[in-house]
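Below is one structure, written out as structure tokens; the observations come after it.
The structure is reproduced here in structure tokens:
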């Protein structure tokens, strides 16, 4: 009976983030009235959620593996500047996007080389690579915003301005990416190994799993999707290259991913939770804006939500990570 009660509590906890999402919508519907549910506002919430969800998709697996990537905001900024520069140079938009994504892959490879090969601490390493990416973003156009000439007539820009069945295309793309990521997470060895590394890295390595390759893939995916997100923000929000774009992503990104640990895989960063977390944060931001709350108020609330998510992850890891588990890579 006791085991059944505990199991029931865990099942209920796995739906905690969904309840938070519903409470956010209910709260702001009461505080803001019908204005919160206007089509224009709901579309903006979905567009914002889709954009940030794409940007932090890869970060989910890095944190899921009990590592850290602090470079994703500046990688997004750097990719946005490369994309804008290439478009202004009359480069084909698809080629410009491809080159910008390669920037992300390059930073992911650099991070994984330092963390996996040379065994640097992932947080310190990604602070360093974040600094490099941010500096490059500023060097590319002397620290200024780079407006893109003729962007409104570009096919890629028009594509991202479309809707599908009434939903913003960026939200639909995010759903597709997260559906594919969910299958990778739940049905492939990579997905299983990511979480196994967080629980007992030494045992996984001794079992013959190439843990270094798993972490390399996680870091590369994190930077790839950060770059992808940077491109999306250029096309849907800023319409220009933004060297300081990443300043708003740091707190938002980590809050979303750690909040996601309150859904599906309790105590573990996971793609379903991240997607729901993006909706929560976007709805929260929209509601606070409508109420006229200051920027600082939003930051305080996001900080508290981040603490809540970290507390869930920490409590879980204290139970399942053996003491003395070594950070060993193969």
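Residue numbers (the numbering used here): 46 to 375.
Where a beta carbon is used, it is the ideal one built from N, C-alpha and C, also for glycine.
1. Between residue 239 and residue 106, how many whole angstroms is the CB-CB distance? I'm expecting something under 8 Å.
2. If you measure between the beta carbons of residue 235 and residue 156, is that distance less than 8 Å?
3. Given a cut-off of 8 Å, decide if residue 122 and residue 182 are closer than it, judged by their beta-carbon atoms.
4. Could you tell me the distance, in whole angstroms, from the CA atom of residue 347 to the CA atom of residue 132?
5. Rounded to a whole number of angstroms, what is the C-alpha to C-alpha distance between residue 214 and residue 101?
6. Is residue 212 helix, strand or coil when you go by DSSP?
7. Please work out which residues of its chain come closer than 6 Å, Cβ to Cβ, to residue 118, disregarding the five sequence neighbours upstream and downstream, and give them in chain order.
8. Is the beta carbon of residue 314 less than 8 Å from the beta carbon of residue 302?
9. Go ahead and pull the three-state DSSP assignment for residue 286.
10. So, helix, strand or coil for residue 263, using DSSP?
11. Looking only at its chain, what residues have a beta carbon closer than 6 Å to the beta carbon of residue 94, apart from the 5 residues adjacent to it on each side?
12. Whole angstroms is fine: what's the gap from residue 103's alpha carbon to residue 198's?
13. For residue 246, is the classification buried or exposed, using 16 other Cβ atoms within 10 angstroms of its Cβ as the cut-off for buried?
14. By Cβ distance, which residues of its chain are closer than 7 Å to residue 350, with the 5 residues on each side in sequence left out?
15. Tell me whether residue 191 sits in a helix, a strand or coil according to DSSP, three-state version.
16. Where does residue 273 land, buried or exposed, given buried means 16+ other C-beta within 10 angstroms?
17. Could you give the DSSP three-state label for residue 252: helix, strand or coil?
18. With DSSP collapsed to three states, give me the class of residue 314.
19. Can you name the start and end residues of the alpha helix (DSSP H) that residue 117 belongs to?
20. Out of curiosity, what's the CA-to-CA distance linking residue 52 and residue 318?
21. Does DSSP classify residue 308 as helix, strand or coil?
22. Roughly how far, in whole angstroms, is the beta-carbon of residue 82 from the beta-carbon of residue 74, given that I think they are within contact range, below 8 Å?
23. What does the alpha-carbon distance come out to for the pair residue 48 and residue 62?
This is what the structure holds:
1. Stepping through the chain shown from its first residue, residue 239 is reached at position 194. Stepping through the chain shown from its first residue, residue 106 is reached at position 61. The beta carbons of residue 239 and residue 106 sit about 5 Å from each other, so the pair counts as a contact at 8 Å.
2. Within the chain shown, numbered from 1, the residue matching residue 235 stands at position 190. Within the chain shown, numbered from 1, the residue matching residue 156 stands at position 111. For the pair residue 235 and residue 156, the CB atoms are not nearer than the 8 Å cut-off.
3. Looking up residue 182 in the chain shown gives position 137. Looking up residue 122 in the chain shown gives position 77. Less than 8 Å separates the beta-carbon of residue 182 from that of residue 122.
4. For this step, residue 347 is matched to residue 302 along the chain shown. For this step, residue 132 is matched to residue 87 along the chain shown. Taking the straight line joining both Cα atoms gives about 35 Å.
5. The sequence position of residue 214 within the chain shown is 169, counting from 1. The sequence position of residue 101 within the chain shown is 56, counting from 1. Whole-angstrom Cα-Cα distance: 18 Å.
6. What you label residue 212 is simply residue 167 of the chain shown in a count that begins at 1. Residue 212 falls in the strand class under three-state DSSP.
7. In the chain shown, residue 118 corresponds to position 73, counting from 1. Within the same chain, 291, 294, 295 come within 6 Å of residue 118 by CB-CB distance, once the 5 residues on both sides are set aside.
8. Locating residue 314 in the chain shown gives position 269, counting from the first residue. Locating residue 302 in the chain shown gives position 257, counting from the first residue. Yes, they are a contact pair.
9. Indexing the chain shown from 1 puts residue 286 at position 241. Residue state, collapsed to three classes: strand.
10. Position 218 of the chain shown, counted from the first residue, corresponds to residue 263. Residue 263: helix per DSSP, three-state reduction.
11. Within the chain shown, residue 94 is the residue found at index 49, counting from 1. Only 323, 324, 327 meet the Cβ criterion.
12. Sequence index remark: in the chain shown, residue 103 carries index 58 (1-based). Sequence index remark: in the chain shown, residue 198 carries index 153 (1-based). Distance between the alpha carbons of residue 103 and residue 198: 31 Å.
13. As a first step, residue 246 must be located in the chain shown, where it is residue number 201. Result: buried.
14. Here residue 350 corresponds to residue number 305 of the chain shown, with the count starting at 1. Hits under 7 Å: 300, 304.
15. The sequence position of residue 191 within the chain shown is 146, counting from 1. The three-state reading of DSSP puts residue 191 in strand, counting E and B together.
16. As a working mapping, residue 273 is identified with position 228 in the chain shown. So residue 273 ends up on the buried side.
17. Taking the first residue of the chain shown as 1, we reach residue 252 at position 207. Coil, per DSSP.
18. The residue labelled residue 314 in the question sits at position 269 within the chain shown. Coil.
19. As a position in the chain shown, residue 117 is number 72, starting the count at 1. Per DSSP, the unbroken alpha helix (DSSP H) holding residue 117 starts and ends at 117-133.
20. On the chain shown, position 7 is the one that residue 52 refers to. On the chain shown, position 273 is the one that residue 318 refers to. Because the pLDDT at residue 52 is just 48, under 50, the model does not fix this residue reliably, and the value given afterwards should be weighed accordingly. Answer to the nearest angstrom: the Cα atoms are 19 Å apart.
21. Start at 1 with the first residue of the chain shown, and residue 308 comes out as number 263. Strand at residue 308.
22. Locating residue 82 in the chain shown gives position 37, where the first residue counts as 1. Locating residue 74 in the chain shown gives position 29, where the first residue counts as 1. Sure, about 6 Å apart at Cβ, within 8 Å.
23. In the chain shown, the residue the question calls residue 48 occupies position 3. In the chain shown, the residue the question calls residue 62 occupies position 17. In this prediction, residue 48 has a pLDDT of 49, which is less than 50 and means its spatial position is unreliable; what the coordinates show is noted afterwards. Near 23 Å, if we compare the C-alpha coordinates of residue 62 and residue 48.
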